[in-house]
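If you read the protein sequences in the order shown, they are chains F and L. So the first sequence is numbered by the numbering used here: it starts at -12 and just counts up by one. So the second sequence is numbered by the numbering used here: it starts at 2 and just counts up by one.
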Amino acid sequence: MNTAGKHRWIPALLAALTALSLAACGGGGPKNLVSQEDGEKRTVNLFSPMEKIDPNAENVARTASDLTVAMAEEALGITMMYRTYTAEDYQDKTYDDVCLDRARNNMDDLYLLNPDTILALGAEGVLEDLSGLDSAKNLREIIRTANTVDGKLVAIPQEVVAYGLFVNKDLFDQYGLDLPETPEEFLECCRVFQENGIDTPIGANRWWLETFVLAQAYADLYNGGNTQAEIEALNSGEARYSDYMRPGFEFLQTLIDRGYIDAEKALVSEAIEAEGPDFLAGKTPIVMAYWGAANTETAYGKTDFTMEVIGFPSSRGQMPVMPMTGWAVCSGGEHAQDAMKMLDVITSDEALKLYSETNRVISPSKNVKVECVPALKPLNDRIEEGVYVLGSNAGMNVEQWGNTCQIVRLLLGGASVDECMAAFDELQDAALSNP
Amino acid sequence: MKETTNKQKKRREFSLLLSIIVIFCIFGTIVLVVSRRTAKEMSEAAIQNLSESLDLIQSTIEAILRSEAEFQTLIAQEIARVEDPEAYIRAYEKNQTMSKLSLILSGKTEGVSNTGELFTEEDLDFSAGKTVFGLPVSQSYLNYMGTWSYTIKCPIQRDGRELGTLYAEYIYDAIDRSLPDGFYNKQASLYIMDAESQRFVLKPKGMGQRSAGHLNLTDFYRANDIQEPEIRAEVDECLSAGRNILFYHNIREVQALNYMWSVNGGTIFLVGYVPVEAIQQEGRTVNQSIITVIASLLAAFSLCIALYYLNWRQQDKLRREREEERRLHSQQLAEALQAAQIASKSKTTFLSNMSHDIRTPMNAVLGFTTLLARDAENPAKVREYTKKITASGQHLLSLINDILDVSKIESGKVVLNLEKFALNDVISSVEAIIQPMARDKRQDFHLEVTGIRHEYLVGDATRIDQILINLLSNAVKYTPEGGWIRLRIIGLKQRSSQYEHIRIEVEDNGYGMTPEYLETIFDAFTRAENSTTNKVQGTGLGMAITKSIVELMGGTIEVFSEVDRGSLFRVELELRILEEADRQFWAQRGVSRILAAAKDRENRESMAALMEGTGVRLDACSTVEEALEALGGGECQLALLDWEDFGLQGAGALREALPESVPLLILAELDAEGTQEALRLGRTDVLTKPFFVSALRAKAGELWDGADRAAGPEPEEDGGLAGMHFLAAEDNEINAEILTELLELEGASCEIAVNGQLAVERFQNSAPGEFDAILMDVQMPVMGGHEAARTIRALDREDAGRIPIIAMTANAFAEDEKAALSAGMNAHVPKPLSMELLKQAVKQCGKQEETG
């Protein structure tokens, strides 16, 4: 009986299997086999500096940036096209130069710009006014001020870039040295290091030595309680930039004269590439770099010694220097409007939170706060106290960051401090003659 | 037949296994070959596929370059026709393809550009000599727009005369627009590299910052970890020769095809990599499907094999179990057969021995009876013959007893009769038997007892007797005259507080045994065969019996022997300790302290150990002086003195010091000389060594209670049978006659009944007191002895319950005795009948009757 029952099921099962097989083999659909995408593909071109890739290192800054771009791409259905440039050596055009050329020729939609180019291009009217973006409403005031040119907010950063001295605390401890507060203390530390066989205690490159100068030049201006009046005096010509800059340049000259900095090497060195290996190897106790370098393995995110990041020596103690980099939209860019939308997303609170949490940096949004890595605590403490120097200020009629950098290179190249001061005077005079 | 089947089966299994392996191998080889071929073909296909794609891109770029060159030539021709070439240039508007148009007239170093500024060739590098369709092309550079570009220069000729040179700057972005929007599903990276500077002048877009981030060839190598010198050397060679190169190299741990593809004869190169998977997407799917199918097949195949293996294992296990069982059976059968053969052989040997052993005394009996018939008139001869007949009969009897014992032990019918006993009694009785035998052979027999803590034990004393007598009689037998024999009873460390652990050693300096004989000494039906021992009569069963009894008691027996040096038998037994309440005995007699003098420390310790628990303090001294001194320490009620240590002198000294009322016991060997003199000292007696509490207690009983009995000693009973009248149930006529004759010799009479039934009837019909006792054979026709006894006891007669019934049977074992007693009989006398034993039995029955 049971067997007979089973036998009855077999044809039914076979029939079901055949039906399933036929169903699997069949199927209809359009005859045109080419997939038809809806609408035209929207893209935005971004021009940014290129970081030389280390196959074995993780760059959290890049990851953080990519994450926010992916967020925007998903939200808007727009693809970000990367265009990059980095000078192969000091003889090449600089990234800033290329940025200027490209923006002036409307080559790209979005740019990641350094302070001097922001000011230059902003002044030329090449950049879009971003003040209407939703994300702009969340910006800290200092960021807004630093990036406003002729009343237009021309750039928005994803992180507040603060420069500081990266020191090998173990070496300081080894020679019984306290971390320096003033230029004099700094020179003393260098002396001790040199006496102990570290011939060149400061690792330098051709880009970031201006931080020493700016810290000393504007420590009082930004922290003396009379900032606005002093800037107005500079803009009117009552005060001279060279007067502010001189102590810093003389200090740098001393460092060069005593051999604490190798000027010749610095003049032809790219950032981190030249001084990084010796610092990581514990041979150089002091280098200068930006905040994010303490977080990323491609820079100083992974050291075998105790590293601390402090401000530059100044009359007011350790002084962080904060230039404002930022994203800007080229008005003549082919996809400028889409670029505006993209920027609105990647600088939104949500994106900045993701960025800051990934990269552990100070966010430009007043709504986003993230704990920094321990090494950055001394620098962060100063910033939280409100003690810092701006590396660039759109309110000054002479651009600071790029110009100081260029004039420091003159010093490195052998020019005297007076010649350097003359260069500042020339710039100021030119600015005064073209109001 | 079976073996052949097994072999065939094994062969079949092996063939099957071999087939599986072969199939597996073939299958594996096919899969390996197919997969290798597929991989190779796929690799070739991937290379071809990529090559075609790159060829296509190359052709596209070359087409652009050609059109640029052609276009520039056309412009040059047009300029040649215009009047003011420089004005033409200035008016020319830049377009998407051409970012800058410049002209330097012949003979000048500076020219004009459509961008308005002056133009020189200084910033352009044509030194590499590269051309685009015959027109020189510069090395790539960053132009005024901040983008990578190149310049092609073209001569302007008018009427065969060179008018100047036209320079057109092209940007790579123009090429970019003509390139595919990513290929291989955007997984391939594509850079354009200027061959001369090896800089990347066009980079992929929209692939993340990382992929867009190669600066030049060196950077490309570094970022993608291409460090192999061979690869780099080959790449360099291809670059300088303007040849294409494709090579495998992992990019971020993914297998990739890397390429450097020459464009325009090596002016520029397409550089990049494609993950192999991206090229072989369909191949991967096919591969996965193949792998899935293969894996499924393998799994199914393996499952089949596993199932087959499990089944085979189970079958094999069963088969092996059956084989093992069969083998075991065969082995057991073989062993049984062997044992049977050995037993048969042994028994044949034994029978042969026995027939000789039995015939010898039997021959003597018959021979002497013949002589007896002949010399019946000569009383001296009659006595001599009858003495010899008796001796032969005794020997014959012992032979038969041994044979019966062995057969009972072998059939497992022996049971131990566990009763309480005193070790002293066993040793004394054995000594009483062995000492005279040894003395007869002038052998020195010595008994030592050491370390015994408890002498009241539970066990089968008769069997222990048997063990000792067997061992000792053997020792006497196999030790020549003048030799020595030692019996040692040693108390070993107790394994359990409830058992006394005893070692019995019997040592002699006799003939000894060969190692071969030692191996079989405990086997039944063996006997040392040599000229010396052949003189000794024996069944060869004694040792087998001894060993069986020892093992039955849970003990062990060992033997050590050397020919002509002697033998040592060592028996170890554990016997349960019987806690005898001795305290009362001593307390009743007021004995609380005993003084003992013995030189040997072991003796003293042994005595003290044995006295433990009696409530009596034993002060053991090593010298008489010490003993005398100890006398002052308090009252003692008894003194012991070792005769061998101190002799008469010591005894005298001690006796003198002892109060009159305190008895002195001399501890001496059984046949110690001179003890009689000591007895004269007064209140002195002899206690036979070794020291045992039971013996001391008996002696103390005599000393204390003896006075009472001395007052009216019972006259020694005669124990004779004279005047008694017996009813004897005996079916054997000769036995009946012998019994009648023997009883008559003792002055008694008897009436024979030929079976139990008749005996019962006769007793039933007898007058009360007519018979003094009934002698009952056990095995009889009609009614056996046991039944007859039970019937008699059940009779309704006043004397039916008390008339002594004495079993008289050839069934002479303890259990036979037990059976007789339980049938209601009073005593048991074994056949052949010994009048002494009969007298004792009658006497015992008389006592029983008295006590009621």
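Glycine residues also receive a C-beta, built at the ideal position from the N, C-alpha and C atoms. Small disclaimer: the values here were computed from a predicted structure and weren't measured.
Could you check how far apart the C-beta atoms of residue i and residue j are, in whole angstroms? I think they sit under 8 Å.
| i | j | result |
| --- | --- | --- |
| P425 (chain F) | G389 (chain F) | Here chain F has residues from -12 to 422 only, and residue 425 (chain F) is not among them. |
| E752 (chain L) | L722 (chain L) | No, E752 (chain L) and L722 (chain L) are not in contact; Cβ-Cβ is about 15 Å, not under 8 Å. |
| A1 (chain L) | E703 (chain L) | Look at the range of chain L in this structure, 2 to 853, and you will see that residue 1 (chain L) is not part of it. |
| G224 (chain F) | L419 (chain F) | 5 Å |
| L100 (chain F) | T312 (chain F) | 7 Å |
| A261 (chain F) | N213 (chain F) | About 39 Å separates the two Cβ atoms, so there is no contact after all. |
How about residue i and residue j: do their beta carbons lie closer than 8 Å?
| i | j | result |
| --- | --- | --- |
| A279 (chain L) | Y151 (chain L) | no |
| L472 (chain L) | V415 (chain L) | no |
| P167 (chain F) | Q203 (chain F) | no |
| I404 (chain L) | V366 (chain L) | no |
| A70 (chain L) | F120 (chain L) | no |
| V308 (chain F) | T132 (chain F) | no |
| G269 (chain F) | F299 (chain F) | no |
| D773 (chain L) | H829 (chain L) | no |
| Q59 (chain L) | V202 (chain L) | no |
| I806 (chain L) | G825 (chain L) | yes |
| F221 (chain L) | V277 (chain L) | no |
| N282 (chain F) | N346 (chain F) | yes |
Is residue i near the ligand PLP, going by C-beta to nearest heavy atom under 7 Å?
| i | result |
| --- | --- |
| D403 (chain L) | Among the ligands in the structure shown, none appear at all, so the ligand PLP cannot be discussed. |
Does the beta-carbon of residue i have 16 or more other beta-carbons within 10 angstroms, so that it is buried, or is it exposed?
| i | result |
| --- | --- |
| V332 (chain F) | buried |
| H447 (chain L) | exposed |
| S128 (chain L) | exposed |
| V141 (chain F) | buried |
| R396 (chain F) | buried |
| G64 (chain F) | exposed |
| N766 (chain L) | exposed |
| T268 (chain L) | buried |
| P714 (chain L) | Summary for P714 (chain L): the model assigns pLDDT 40, below 50, so the residue's position carries little reliability, and this model does not support an answer. |
| H330 (chain L) | exposed |
| Q9 (chain L) | exposed |
| E718 (chain L) | Low confidence applies to E718 (chain L): its pLDDT is 47, below 50, so where it sits in the model is not reliable, and the reading given next is rough at best. Exposed. |
| E406 (chain F) | exposed |
| D124 (chain L) | exposed |
| R233 (chain F) | buried |
| D416 (chain F) | exposed |
| P362 (chain L) | buried |
What does DSSP give as the partner residues of residue i in its beta bridges?
| i | result |
| --- | --- |
| E575 (chain L) | L:H502 |
| T166 (chain L) | L:I105 and L:P156 |
| E563 (chain L) | L:G567 |
| G460 (chain L) | L:E420 |
| G285 (chain F) | For the record, residue 285 (chain F) in the displayed sequence is Thr; it is not Gly. For T285 (chain F), which the question treats as bridged, DSSP gives no partner whatsoever. |
| D509 (chain L) | L:I486 and L:S568 |
| L126 (chain F) | F:S352 |
| W314 (chain F) | F:L99 and F:I143 |
| A1 (chain L) | Coverage of chain L is limited to positions 2 through 853, which leaves residue 1 (chain L) absent and any answer about it impossible. |
| F153 (chain F) | F:V274 and F:V296 |
Under 8 Å Cβ-Cβ, which residues of chain A neighbour residue i?
| i | result |
| --- | --- |
| Y145 (chain L) | The displayed structure is made up of protein chains F and L, and chain A is not among them. |
Jot down the residue ranges of each uninterrupted alpha helix (DSSP H) in the segment 621 to 686 of chain L, minimum 4 residues, whole runs only, in chain order.
625 to 632, 644 to 658 and 676 to 680
Which ranges would you report for the alpha helix (DSSP H) in the segment 268 to 307 of chain L if only whole runs of at least 4 residues count?
277 to 280
Length-filtered (3 minimum) beta strand (DSSP E) runs lying within the segment 42 to 127 of chain L
99 to 106, 111 to 114 and 119 to 121
Restricting to runs no shorter than 4 residues, where is the alpha helix (DSSP H) found entirely within the segment 55 to 115 of chain F?
Correct list: 82 to 91 and 102 to 111.
Quick check for students: name the residue ranges of the alpha helix (DSSP H) that lie wholly in the segment 581 to 618 of chain L, counting only runs of 4 or more.
584 to 589 and 602 to 612
Return the chain-ordered ranges of every beta strand (DSSP E) run that is complete within the segment 220 to 264 of chain L and spans a minimum of 3 residues.
246 to 249 and 257 to 264
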